[in-house]
Every structure is written in structure tokens, then in C-alpha cells.
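Residue numbers (the working numbering), protein chains in the order written: chain A, 4 to 288; chain B, 32 to 153. Cβ coordinates follow ideal geometry from the N, Cα and C atoms, glycine included. Since this is a predicted model, take the numbers as computed values, not measurements.
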Amino acid sequence: MKITIASGKGGTGKTTIATSLALSLAAELTPPPLFLDCDVEAPNAHLFLKPTFEQRQDVGILIPRVDEAKCTHCGKCAEVCQYHAIAVLGTKTLVFPQLCHGCGSCTALCPEHAITEIPDVMGVVERGVTPEGISFARGVLDVGEPMAVPVIRQLKKWAVPQPGQVVVRDAPPGTSCPVVKVMRGADYVVLVTEPTPFGLHDLRLAVQVARELNIPVGVIINRDGSGDAGVDEFCAAVGLPVLLRNPFERAIAEGVAQGKNLVEIHPEYTAHFRQIFNQITTALS
Amino acid sequence: MKIILTTTSPSIDSNLDSRFGRGVYFLVVDPDTLEWQAHPNPGAGAQGGAGTLAAQFVANQHAEAVISGDFGPNAYGALQAAGVAMYLFGASTTVREAIERFKAGQLERVGAPTGQGHPPRV
Ligand code: SF4
Ligand code: SF4
């Protein structure tokens, strides 16, 4: 079973929830879960789960390199590239690596065979095990690289669960392509939100994405009681189960700031998260 | 001589468009005779890579200079490779004003990208 933890916006405590869920299940499940930190632009789940990384691999795409001696500047490559990542400028043919998606069309269509492909590294994937036995894997996008999706795709392909292993994926904040990529293929999406108008706005968008992908959704409300009733009314109106409410508490905020997990701060949360997992299992059966 | 300006409408009497890659029109002008021709900017509706698409159009027109309000990194790299000089129209608001200033040597020549550009869609 694959569970994706997402939130419409950053700073809602999504990673705290995702890592707490994984920790709560670690002792209960055999094998312990596989945790994927898919927030490749700002991965931070390792701070809470403290894995030892044992393997790493570069992630990249193949981008074209033009042999100017063979190129006749016919313009075919530029015409076929839907990302405008290759341009024929008078007597020069230029590749823009940051725009290139590595689709290979230009190489295939160049009548002069003037294009070869070279790897362009944009990040790494890493994996290891946490002290509790959780399999942990994450992707890290190089600073300044604009494309998160290839790294997420590679992470999902590389960190394959064992048969029967539960997968917890921590998604990037937002509702853009990388988030869709992390939701896709999940059996259940948990959306972490806050009871504020902003929280509600982003929750609506995230619910829409999950529903378009046909994935059932449950909601966790952090800082419960600190805002208004909008999120609750929305959940009731569209039939979303509220899986957990976390009150706003100084002890939680301080603990998280020190890299502590919810279940370390409040051990009784282990039971809450196991309960959530059972609820999800029931909802899916 | 041929220069190109980014404009909001297809006329020599148009105002300038400050965006290079996503400007609405390219106005190809001979600054001496003021003969002109307008073309829609192919980059205006592009999902990504507007700068390179627009630069390619400019290069294909064999223009010597392009005048706009902003050149992102991709557009800058492409125009540089094509050997097209880039100028900022600065305080000018109309095409005619910018051409006058260009002829008087009063426009700032660009030697580095002037903006962040627009990140590609992923
Ligand atoms: S298709 Fe090949 S020959 Fe034509 S411009 Fe591109 S690289 Fe050069
Ligand atoms: S590989 Fe695809 S995206 Fe990259 S330059 Fe070639 S056609 Fe464009």
C-alpha cells in the first residue's frame, strides 16, 4: 500500500506527520515501511528519521550536443523541440540544458546525424535504513536546477518496495507537477492543513488534484482550534474524513524545531497514527 | 539596417512592450527610412522557452539590434550567440521615441541578462 502525505502549502507540518506515521508503523509492520522523501527541492525528513545512507546514484537526463562540423543549420531540431530548448541562430545551433527535457526528438530527427547525447546531472537519489529499520530514500535536486520531476521519477523507480511493504511518500508542498507526480500511483492521499482561509484555499486545490487522479483523500488538521471553521465545513461538505486533529501546542512547536518527531514529543501519538493507518486500510478494503 | 523592437500593437505608432520573450509583437524597422513590418512574437504563447523561440525569430530576420525592456538568461544567451546587439529602451514609451534615442546613441547596451527569465514549466 502506498500513502502520499501532501499539503497545499508549505509549513503545515507535513513532514512531521509523514515521519511520525512511518515511525508509528515501524514496530508494527514486517517489513517496516519504506519512506520516500519526494520533496527534492528541500528534503528534510532525514532530520527526523536519521537514516544512514548506504547507496547513492546520480540522476540526470540525456541532452543533445551538436557537432558543428556536421550541422547544416537546417533548423529541424529547433522545429521539433516543443520546449524550445535547442535553437538555430544563424550559423550556430545552441542547446539550453535548463529547458531540455531529454526527450531525444531532436537527435532522432536530425538529418545530418549531427547530434549526440550527453548526460546532464541534475541531482541524486540516496537510500539507507533508519535506526528503527525503516527503509529510507530521498531525492535531492541540485541547487538552481529547475526540473524536479525527473528526480522524483527516478526516486520512485529506484526505491522499489519489497512485496507487502507499506510506502509512505512525503510530497513537496503545493499542487504543481512534482506534487502530481508524487500523488500518482498512491492508494491514499493524506492532506495536512491548517484551519485558516489560506489552509482551506490550498486544501481545495490539493483535493481537486487527488480527485482527478481518482485517489481517496483523508485530512489531518494541524494547529486545530487556532483558526476558523472553514476547513471543517469544507471537509463535511465534500465528504472528506478528518483523520486527526493536532491542537496548537507550544511543546510540539518547540520539539519540532529541535528535530524531534511528534511521537517523540508525545508517545501517545503512536497509537493515533496506528489508528489512522487502520482507518485507511479499512477505507481501501 | 534592420532593428527589432518589442511592441504592444502592430504599428510604428505603437507603445513598447517591456518583455522580450513574451512581448506581443516584433516590429522590424529600418531606423533611417522608418520602413516597418510587424510580426506576432512566436514566443508570446509558448509554454516554456519563450526567450529562445523569440531570439530565433530575431536571428532569422537578420536584425543587427533588438530593443526591449528585459532580456532573460536564455534570450540573452541566444541573442548573444546570434550576434544581435541588445539595447534597453529605458524611459522611452513609444517606438518612435526609442528609435530616436537609439539613433542618438542614448540607449543602454546590454552586456548581461537583465532578468531572471521565466522558469520552464515542469
Ligand atoms: S537538425 Fe541537425 S543539422 Fe539541422 S540544425 Fe539541427 S543539429 Fe543542425
Ligand atoms: S532532447 Fe527533446 S527537449 Fe531536449 S532539445 Fe532535444 S527535442 Fe528539445
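| Check | Outcome |
| --- | --- |
| Any non-hydrogen atom of ligand 2 closer than 8 Å to A/S293 Cβ | Limits of chain A in this structure are 4 at one end and 288 at the other, which puts residue 293 of chain A out of reach. |
| Coarse secondary structure for A/R277, derived from DSSP in three states | helix |
| Check: B/Y107 C-beta below 8 Å from any heavy atom of ligand 2 | no |
| Where the alpha helix (DSSP H) containing A/F51 begins and where it ends | 48 to 52 |
| Cross-strand partners of A/R172 (DSSP beta bridge) | A/T7, A/L39 |
| Alpha-carbon to alpha-carbon, A/V62 and A/Q157 | 7 Å |
| A/V222: CB within 8 Å of a non-hydrogen atom of ligand 1 | no |
| Alpha-carbon to alpha-carbon, A/S138 and A/S27 | 14 Å |
| Bridge partner(s) assigned by DSSP for A/K95 | A/L92 |
| heavy atom of ligand 1 below 8 Å from A/H76 C-beta | yes |
| Ordered list of beta strand (DSSP E) runs contained in the segment 85 to 130 of chain B, each at least 3 residues | 96 to 99, 116 to 119 |
| Listed by chain order, chain A residues near B/N105 by CB distance under 8 Å | F99, Q101, L102 |
| Closer than 9 Å to chain B by CB, A/G13 | no |
| Beta carbon of B/V89 nearer than 9 Å to that of B/A113 | yes |
| Cβ of B/A81 within 9 Å of any chain A Cβ | yes |
| Complete runs of the beta strand (DSSP E) confined to the segment 54 to 127 of chain A [at least 3 residues] | 55 to 69, 89 to 92, 95 to 98 |
| Pair within 9 Å by beta-carbon distance, A/G221 and A/G11 | no |
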